[in-house]
Amino acid sequence: MKTLPSASALLLLLGLACTGCQSTGDTSSVAADLNSTNPAVAVQAQRVQELEGQVKQQEAVIDAEKSKLEAMRQQLEGAKQTLEGVKKEVRATP
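Residue numbers (mature numbering (1 follows the signal peptide of the UniProt record, and there is no 0)): -23 to -1, 1 to 71.
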């Protein structure tokens, strides 16, 4: 696959920009990077911001699913206890 020199340069710039974009949890620096005069930094900052939003959404989904799972476990435990009670009742009835 033939790559144009300008595309190679852009990929190199993006790669270099990525090496300096390690997550520090500081959203204000990402916000500042969105307004960077360097297009590679601005593009990568936008990607970081999008991914942070997706991670937050996924964490919310996971938390909701954990709550549903816990409720189902409690229902299961209750159903098992009811089953044991019914079985004891059946055995006690002549």
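C-beta atoms are modelled at their ideal positions from N, C-alpha and C, and glycine is treated no differently. For clarity, every value in this text was computed on a predicted model and none was experimentally measured.
Residue burial classification, residue i (beta-carbon count within 10 angstroms, cutoff 16)
{"i": "V38", "result": "exposed"}
{"i": "Q(-2)", "result": "Bear in mind that a pLDDT of 46 at Q(-2), under 50, signals an unreliable position, so the model cannot answer this."}
{"i": "V25", "result": "buried"}
{"i": "R68", "result": "exposed"}
Whole-Å CB distance - residue i paired with residue j, under 8 angstroms assumed
{"i": "V7", "j": "A22", "result": "5 angstroms"}
Cβ pair residue i, residue j closer than 8 angstroms
{"i": "L28", "j": "A19", "result": "no"}
Span of the alpha helix (DSSP H) around residue i
{"i": "S13", "result": "Per DSSP, S13 belongs to no alpha helix (DSSP H) and is neither H nor E."}
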